[in-house]
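Each protein sequence line maps, in turn, to chains A and B.
Be aware that the first sequence starts at 386, since it is given in this note's numbering, and climbs by one per residue.
Be aware that the second sequence starts at 558, since it is given in this note's numbering, and climbs by one per residue.
Everything on this sheet refers to the single structure shown next.
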Amino acid sequence: MRTITYRDALREAIREEMLRDERVFILGEDIAGYGGTYAVSKGLIEEFGEKRVRDTPLAEEIITGAAIGAALGGLRPILELMTINFSLLASDLIINSAAKFHYMFGGQPEVPLVIRTPGGGGAQRGAQHSQMLESLFAHIPGLKVVMPATPYDAKGMLKSAVRDPDPVLFIEHELLYNVKGEVPDEGVEYTVPLNRGEVKREGQHVTIITFSRMLHLTMQAAEDLAKEGIDAEVIDLRSIRPIDIDLLVDSVKKTNRVVIAEEGWKYYGTGQGLAALIYEFAFDYLDAPIQHVTGADVPMPYSKVLERAAMPNKSDIVNAARAIVPAALVRA
Amino acid sequence: MAISNATLAGLTRTQLLEMHYMMALLRRFEEKSAEEYTRGKIGGFMHLYIGQEAVGVGSIATLRPEDKVLSSYREHGHAIAKGIEPGAVMAELFGKITGCSKGKGGSMHMWSNELGLLGGNAIVAAQLTIATGVALASQYQGEDSVTVCFFGDGAVDEGAFHESLNLASIWQLPVVYICENNQYSMGMAVQKAWAVDSLLPRAAAYNMPGEQVDGMDVIAVYEAVKRAVERARRGEGPSLLEIKTYRFRGHSMTDPAYYRTREEEQQWRTTRDPIGIFEKRLLEAEAATQAEFDENDARATQAAEDAADFAENSPNPTPEELYTDVMVDDSTALAYRYERK
Numbered sequence: 386m387r388t389i390t391y392r393d394a395l396r397e398a399i400r401e402e403m404l405r406d407e408r409v410f411i412l413g414e415d416i417a418g419y420g421g422t423y424a425v426s427k428g429l430i431e432e433f434g435e436k437r438v439r440d441t442p443l444a445e446e447i448i449t450g451a452a453i454g455a456a457l458g459g460l461r462p463i464l465e466l467m468t469i470n471f472s473l474l475a476s477d478l479i480i481n482s483a484a485k486f487h488y489m490f491g492g493q494p495e496v497p498l499v500i501r502t503p504g505g506g507g508a509q510r511g512a513q514h515s516q517m518l519e520s521l522f523a524h525i526p527g528l529k530v531v532m533p534a535t536p537y538d539a540k541g542m543l544k545s546a547v548r549d550p551d552p553v554l555f556i557e558h559e560l561l562y563n564v565k566g567e568v569p570d571e572g573v574e575y576t577v578p579l580n581r582g583e584v585k586r587e588g589q590h591v592t593i594i595t596f597s598r599m600l601h602l603t604m605q606a607a608e609d610l611a612k613e614g615i616d617a618e619v620i621d622l623r624s625i626r627p628i629d630i631d632l633l634v635d636s637v638k639k640t641n642r643v644v645i646a647e648e649g650w651k652y653y654g655t656g657q658g659l660a661a662l663i664y665e666f667a668f669d670y671l672d673a674p675i676q677h678v679t680g681a682d683v684p685m686p687y688s689k690v691l692e693r694a695a696m697p698n699k700s701d702i703v704n705a706a707r708a709i710v711p712a713a714l715v716r717a
Numbered sequence: 558m559a560i561s562n563a564t565l566a567g568l569t570r571t572q573l574l575e576m577h578y579m580m581a582l583l584r585r586f587e588e589k590s591a592e593e594y595t596r597g598k599i600g601g602f603m604h605l606y607i608g609q610e611a612v613g614v615g616s617i618a619t620l621r622p623e624d625k626v627l628s629s630y631r632e633h634g635h636a637i638a639k640g641i642e643p644g645a646v647m648a649e650l651f652g653k654i655t656g657c658s659k660g661k662g663g664s665m666h667m668w669s670n671e672l673g674l675l676g677g678n679a680i681v682a683a684q685l686t687i688a689t690g691v692a693l694a695s696q697y698q699g700e701d702s703v704t705v706c707f708f709g710d711g712a713v714d715e716g717a718f719h720e721s722l723n724l725a726s727i728w729q730l731p732v733v734y735i736c737e738n739n740q741y742s743m744g745m746a747v748q749k750a751w752a753v754d755s756l757l758p759r760a761a762a763y764n765m766p767g768e769q770v771d772g773m774d775v776i777a778v779y780e781a782v783k784r785a786v787e788r789a790r791r792g793e794g795p796s797l798l799e800i801k802t803y804r805f806r807g808h809s810m811t812d813p814a815y816y817r818t819r820e821e822e823q824q825w826r827t828t829r830d831p832i833g834i835f836e837k838r839l840l841e842a843e844a845a846t847q848a849e850f851d852e853n854d855a856r857a858t859q860a861a862e863d864a865a866d867f868a869e870n871s872p873n874p875t876p877e878e879l880y881t882d883v884m885v886d887d888s889t890a891l892a893y894r895y896e897r898k
């Protein structure tokens with residue numbers, strides 16, 4: 386296998402799907418001439434032309450509605466919203482239209498739409514450009530919300546999303562684009578399902594559930610914990626909706642302890658939703674309260690010092706695991 | 558009275574009488590809907606089309622079966638005019654499984670893939686953005702079908718209206734935007750809501766043809782929409798029509814319309830009724846007789862009765878329907894795996 390960046394993995398997925406299916410096209414702000422704000426679509430305009438690589442005006446509501454309409458009309462649009470912060474301008478169309486049409490109209494229309502958008506902080510982009518908003522959308526029946534963390538999953542899940550008959554919100558992370566990882570050679574066909582998490586590291590003492598960029602911090606934290614004799618199992622959710630509860634419950638049955646590590650805010654978010662599900666479906670297997678590592682409950686500050694303080698880090702995860710794994714267990 | 562071979566707007570006598578029947582049907586259907594609402598057979602919000610029949614009928618008469626229609630929450634008339642059986646529309650109002658959206662949509666959410674009626678939108682102006690995308694799909698696939706999008710004067714105040722017209726114009730999409738200006742967005746008079754007194758400057762702002770049309774004259778509507786549809790079909794891009802009309806009832810079933818005078822309403826009903834105006838025009842052209850109007854009206858009344866009977870006698874959705882169609886593949890719906898008992 387080759388090692389390529391998350392960005393290149395996404396571009397390969399888009400390109401392969403466009404070659405496979407004439408109905409697949411991409412649209413968004415500055416995706417053609419500019420090559421995409423994060424250079425994901427760089428070069429695609431030269432290969433596919435203006436019909437299939439469409440620069441749009443700076444207007445999130447219409448471009449989202451137009452993508453929904455195009456999907457209803459038989460196409461397979463991949464819409465890029467420049468950042469998830471701007472998805473709020475498109476949220477009416479996503480929540481009131483894309484998510485509801487299939488059900489509300491008695492199962493007749495299908496909306497095979499992919500919306501790609503990066504979220505997350507850590508690059509000093511300030512309060513309006515650093516949010517993790519996945520839980521707003523993961524709350525909504527009728528949507529799929531996925532957040533792959535590795536180049537392999539990014540490529541495989543984007544290909545699945547394009548082929549999926551339902552609307553998929555595909556959330557990337559601004560700090561993941563340069564992350565490298567192993568991916569099969571171009572043209573070697575594989576996909577990753579949209580409804581399955583994955584155990585990225587097996588362990589006995591504690592289950593750390595995470596997703597998106599936090600997976601990488603969690604893997605480092607697990608290495609640190611191993612040096613202390615704490616054997617952590619790391620689960621990458623990959624998909625926020627639907628959520629792979631079976632995978633989580635099976636792991637809890639084994640380790641009896643859970644840390645949830647996410648970059649977003651604590652209250653009413655993804656982690657609390659997960660905790661509630663684990664208490665509902667695996668309460669009897671828990672030997673300790675679930676620990677929850679999150680970002681600080683503040684709008685993201687600009688100052689490098691303050692931003693660093695606002696974001697969860699590796700030692701937060703290590704400390705959370707330490708707090709619920711008894712010394713006796715470690716010695717054994 | 559002698560029947561001449563005279564035509565109006567190039568329409569044959571048969572076509573003209575069909576349009577008359579459709580207008581009568583929409584009128585009688587809505588009267589029946591109001592009656593059933595009052596009886597408690599229909600719930601939620603319901604917005605009647607009475608008074609605006611000439612707009613939907615005159616517009617949709619210009620279309621081919623493969624053309625698409627998108628509408629607002631006041632769409633019973635568009636649904637029936639596009640070909641959905643009145644029974645399936647009434648059954649939807651009753652929340653029955655035989656409704657055109659399986660009873661899951663209701664008054665504001667009608668749909669037919671087969672007949673190209675793509676909703677029924679209860680978020681004002683959302684349908685403009687979606688219609689723009691449907692038109693993009695036609696253009697992309699090299700089809701010559703046209704998308705017609707109906708909306709009220711209130712939708713013009715939303716940003717989505719402006720964003721849609723701009724995109725359709727720069728991409729030259731085959732879409733016709735039809736504003737049914739019925740003078741009030743709920744209770745807000747259009748003169749107080751719009752910075753300009755017509756849509757013509759808005760059309761100009763987005764570099765597309767605009768036209769103001771008398772929405773109480775079905776022939777005028779037909780002719781104006783036909784021009785716009787043909788232009789779109791030729792690949793010459795979008796148009797914006799402002800069709801001036803009036804809803805004879807309140808905004809919805811629960812609106813007593815305190816914001817306008819009874820005299821104003823009475824004036825419109827007695828002097829500007831679109832069905833009466835059309836009948837007068839047909840009689841003057843010697844294209845039809847009063848007896849034919851009476852027969853159409855009797856048929857329409859019966860069709861509305863039959864629709865209500867069909868709805869009444871249709872089964873409710875089964876409990877299994879609750880969790881059906883959340884996702885195209887319901888096995889990927891959360892509820893399917895963890896909530897379903």
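Heads up, the beta-carbon is just placed ideally off N, CA and C, and yes, glycines get one too.
As the structure is a prediction and not an experimental result, all values here were calculated from the model.
Is the distance from the Cβ of residue i to the Cβ of residue j below 8 Å?
i          : j          : result
Gln-605(A) : Val-644(A) : no
Val-634(A) : Ala-661(A) : no
Asn-853(B) : Thr-802(B) : no
Gly-527(A) : Glu-648(A) : no
Val-438(A) : Arg-396(A) : no
Leu-620(B) : Val-703(B) : yes
Ile-389(A) : Val-531(A) : no
Ile-687(B) : Ser-476(A) : no
Could one say the Cβ of residue i lies closer than 8 Å to chain B's Cβ atoms, at least one of them?
i          : result
Arg-626(A) : yes
Asp-440(A) : no
Lys-638(A) : no
Gln-493(A) : yes
Ser-426(A) : no
The beta strand (DSSP E) with residue i in it runs from where to where?
i          : result
Ser-520(A) : It is not in any beta strand (DSSP E) - Ser-520(A) instead sits in the alpha helix (DSSP H) that spans 519-523.
Glu-446(A) : No beta strand (DSSP E) contains Glu-446(A), which is instead part of the alpha helix (DSSP H) from 445-457.
Please name the residue in the options whose C-alpha comes closest to that of residue i.
i          : options                                           : result
Ile-735(B) : Val-885(B), Val-786(B) and Ala-842(B)             : Val-786(B)
Gly-454(A) : Gly-491(A), Val-425(A) and Leu-412(A)             : Leu-412(A)
Gly-656(A) : Leu-518(A), Leu-602(A), Leu-443(A) and Ala-475(A) : Leu-518(A)
Leu-632(A) : Gly-654(A), Tyr-653(A) and Leu-659(A)             : Leu-659(A)
Val-409(A) : Ile-500(A), Glu-647(A), Lys-529(A) and Val-703(A) : Ile-500(A)
Thr-679(A) : Arg-598(A), Ala-607(A), Glu-608(A) and Glu-587(A) : Arg-598(A)
Met-580(B) : Leu-565(B), Thr-595(B), Arg-817(B) and Tyr-606(B) : Tyr-606(B)
Ile-620(A) : Gly-614(A), Val-710(A) and Ile-593(A)             : Ile-593(A)
Glu-414(A) : Gly-507(A), Ile-463(A) and Glu-407(A)             : Ile-463(A)
Lys-436(A) : Leu-730(B), Asn-678(B) and Ile-599(B)             : Leu-730(B)
Ala-444(A) : Gly-711(B), Pro-643(B), Leu-722(B) and Pro-795(B) : Leu-722(B)
Met-603(B) : Tyr-630(B), Val-614(B) and Ile-727(B)             : Tyr-630(B)
Gly-588(A) : Pro-494(A), Glu-618(A) and Tyr-652(A)             : Glu-618(A)
Got a sec, what are the start and stop residues for the alpha helix (DSSP H) residue i sits in?
i          : result
Ser-755(B) : Per DSSP, Ser-755(B) belongs to no alpha helix (DSSP H) and is neither H nor E.
Lys-749(B) : 747-750
Lys-689(A) : 689-695
Lys-612(A) : 599-612
Comparing the C-beta of residue i with each C-beta of chain A, is any distance below 8 Å?
i          : result
Thr-881(B) : yes
Lys-898(B) : Its pLDDT being 45, under 50, Lys-898(B) is placed unreliably by the model, and the measurement read from it follows with that caveat. By this cut-off, Lys-898(B) is not an interface position.
Asn-738(B) : no
Ala-638(B) : no
Val-705(B) : no
Gln-698(B) : yes
His-666(B) : yes
Asp-714(B) : no
Gly-794(B) : no
Asp-771(B) : no
Within 8 Å (strictly less), CB to CB, does residue i reach chain D?
i          : result
Asp-886(B) : The displayed structure is made up of protein chains A and B, and chain D is not among them.
Interfacial residues, the segment 567-585 of chain A to chain B, with Cβ spacing under 8 Å: Residues of the segment 567-585 of chain A that bring their beta carbon within less than 8 Å of a beta carbon in chain B comprise Leu-579 and Asn-580, in sequence order.
Under 8 Å (Cβ pairs) to chain B, residues found in the segment 523-539 of chain A: Shown in chain order are the members of the segment 523-539 of chain A whose Cβ falls below 8 Å from a Cβ of chain B: Pro-526, Gly-527 and Lys-529.
Tell me which residues of the segment 541-561 of chain A have at least one Cβ-Cβ distance to chain B shorter than 9 Å, keeping chain order. Cβ contacts with chain B come from Asp-549, Pro-550 and Asp-551.
Within 8 Å of chain A by C-beta, residues of the segment 640-663 of chain B in sequence order: The residues in question are Gly-656, Cys-657, Ser-658, Lys-659, Gly-660, Lys-661 and Gly-662.
Can you pull out the residues from the segment 446-458 of chain A whose beta carbon lies closer than 9 Å to at least one beta carbon of chain B? When CB distances to chain B are screened at a threshold of 9 Å, the residues of the segment 446-458 of chain A falling below it are Glu-446, Ile-447, Ile-448, Thr-449, Gly-450, Ala-451, Ala-452, Ile-453, Gly-454, Ala-455, Ala-456, Leu-457 and Gly-458, in chain order.
Contact residues within the segment 470-489 of chain A, judged by C-beta distance below 8 Å to chain B: Of all residues in the segment 470-489 of chain A, Asp-477, Leu-478, Asn-481, Ser-482, Phe-486, His-487, Tyr-488 and Met-489 have a Cβ within less than 8 Å of some Cβ in chain B.
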